[in-house]
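Residue 214 in the working numbering sits at position 201 of the sequence shown; the count goes up by one each step and never skips.
A virtual CB, placed ideally from N, CA and C, is assigned to each residue, including glycine.
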Amino acid sequence: MIILVLNCGSSSIKYQVLDMKSEQDYLLLAKGIVERIGMEMAVFKHQVSGRAKQVIETPVSDHTEGIKQVLDLLVSAESGVLTSLEDIQAVGHRVAHGGEFFHASALIDEQAEKNIEACCALAPLHNPANLMGIRAMKTLLPKLPQVAVFDTSFHQTIPDYAFMYAIPYKYYTQYKVRRYGFHGTSHKFVAQKGCAMLGLDFNASRIVTCHLGNGGSVAAILNGKSIDTSMGFTPIEGMLMGTRCGDIDAGVVTFLQEKEGLDAAGINAVLNKESGAIGVSGISSDMRDIEVANENGNKRAGLTLNMFFYRVLKYIGAYTAAMKGVDLIVFTGGIGENDPDLRAYIGEHLAFLGVDFNPASNKGVRGKDVELTHPGSKVKIAVLTTDEELVIATDTMHLIKQ
Numbered sequence: 014m015i016i017l018v019l020n021c022g023s024s025s026i027k028y029q030v031l032d033m034k035s036e037q038d039y040l041l042l043a044k045g046i047v048e049r050i051g052m053e054m055a056v057f058k059h060q061v062s063g064r065a066k067q068v069i070e071t072p073v074s075d076h077t078e079g080i081k082q083v084l085d086l087l088v089s090a091e092s093g094v095l096t097s098l099e100d101i102q103a104v105g106h107r108v109a110h111g112g113e114f115f116h117a118s119a120l121i122d123e124q125a126e127k128n129i130e131a132c133c134a135l136a137p138l139h140n141p142a143n144l145m146g147i148r149a150m151k152t153l154l155p156k157l158p159q160v161a162v163f164d165t166s167f168h169q170t171i172p173d174y175a176f177m178y179a180i181p182y183k184y185y186t187q188y189k190v191r192r193y194g195f196h197g198t199s200h201k202f203v204a205q206k207g208c209a210m211l212g213l214d215f216n217a218s219r220i221v222t223c224h225l226g227n228g229g230s231v232a233a234i235l236n237g238k239s240i241d242t243s244m245g246f247t248p249i250e251g252m253l254m255g256t257r258c259g260d261i262d263a264g265v266v267t268f269l270q271e272k273e274g275l276d277a278a279g280i281n282a283v284l285n286k287e288s289g290a291i292g293v294s295g296i297s298s299d300m301r302d303i304e305v306a307n308e309n310g311n312k313r314a315g316l317t318l319n320m321f322f323y324r325v326l327k328y329i330g331a332y333t334a335a336m337k338g339v340d341l342i343v344f345t346g347g348i349g350e351n352d353p354d355l356r357a358y359i360g361e362h363l364a365f366l367g368v369d370f371n372p373a374s375n376k377g378v379r380g381k382d383v384e385l386t387h388p389g390s391k392v393k394i395a396v397l398t399t400d401e402e403l404v405i406a407t408d409t410m411h412l413i414k415q
């Protein structure tokens, strides 16, 4: 089954084409990204598996035009992987927010589309763009089945005492203000992958997954279900991130609004775009740049790293307590997969739990699937590569076959 996976941002389209024979037997045919949609010139980066990447500059007015050009590329003589568009049997979309409507991935019908649109108020930067992709495909290939895979759905098993905020209850009933969590496709994928690799039963294990990149979150997964996660009503809560502040005293928000004369949009920009690693370090939102600055003696870079490491440790500790122990800790995402220092810090601090950390296995590991603990360690730690597009394709395949 050939599946097109789309992840539409406000001015971008990421895509992959996969030939899915089964969950374990699949082939990536092509992938790419269209950036700068709606600007004078858009940039296509298109790669057919086994070939060099192509970079094409051309005007793209909107998402419908962008997806049309992607489809043209996929069937072209020079850059194509399909004999015709009829080869595509389904489209899987990454959708940021499913609210309380969606507890799992779903076929997109008229009602599902309305529910996704209703969640735009909860994710104004993401859901409208996701909808553009869905509606563009309806226009271009109206008979093709479409599936939505939600960042939030895996976390819909979180109990009410963990997802509620201690504010007037009417804000939950009126506006659905509660913890939703994000990165759900990645958390579920690496938890299952880690259990398979290390011989654990996903449905009878206590797992903490750390998806750490420019945006980051930590999740507690008990017996196959998410019971808590660090991101909340929006992706701003929890970890110190590239430009997001993470956990903060709500009083700081009103204090800064008063002192700086900021309106809602202004304080939102500070907390989402000017905080986190870039705000503390004053150097960069990229942890690689901050690590270099730290090695050169920059004290604010060192402070940023210490804050980041500590916050990861604190969440792992809290979720271990919530699950009455932990069997597996997983690191994934751009930082999780590529920062041996962070993983060593966590492993060394958790020796009291029964973590027998293996520094030799951790040294220099970047972007690979590796166990980081010695055989017989009571608590296992692993670094695992994530693949959210594969999750989307897999869920799409299963729903279409039903």
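- Taking 9 Å as the cut-off, the Cβ atoms of G349 and G226 count as close.
- S23 and G146 have their alpha carbons spaced roughly 10 Å apart.
- Taking C-beta atoms as the reference points, E250 and G259 count as a pair closer than 9 Å.
- Assignment of E350 by DSSP, reduced to helix, strand and coil, places it in the coil class.
- Look at M320 here: in three-state DSSP terms it is helix.
- When the five nearest sequence neighbours on each side are left out, the beta carbons in the same chain lying within less than 6 Å of the beta carbon of A175 are those of D241, in order along the chain.
- Contact between L326 and I359 holds, with the beta-carbon distance rounding to 6 Å and staying under 8 Å.
- Taken through DSSP and simplified to helix, strand or coil, S294 comes out as helix.
- As the crow flies, the alpha-carbon of V83 is around 40 Å from that of D276.
- Straight-line spacing of the CA atoms in L144 and D122 works out to 13 Å.
- C-alpha of A335 to C-alpha of V221: approximately 11 Å in a straight line.
- Note: D241 is bridge-paired with A233 in the DSSP secondary-structure output.
- Counted as a single uninterrupted DSSP element, the stretch harbouring N311 is not any beta strand (DSSP E), since DSSP gives it neither H nor E.
- Just so you know, the alpha carbons of I405 and K34 end up roughly 14 Å apart.
- Secondary-structure assignment with DSSP links V325 through no beta bridge to anything.
- With distances taken between CA atoms, C21 lies nearest to T77 out of Q67, Q37, T77, E53.
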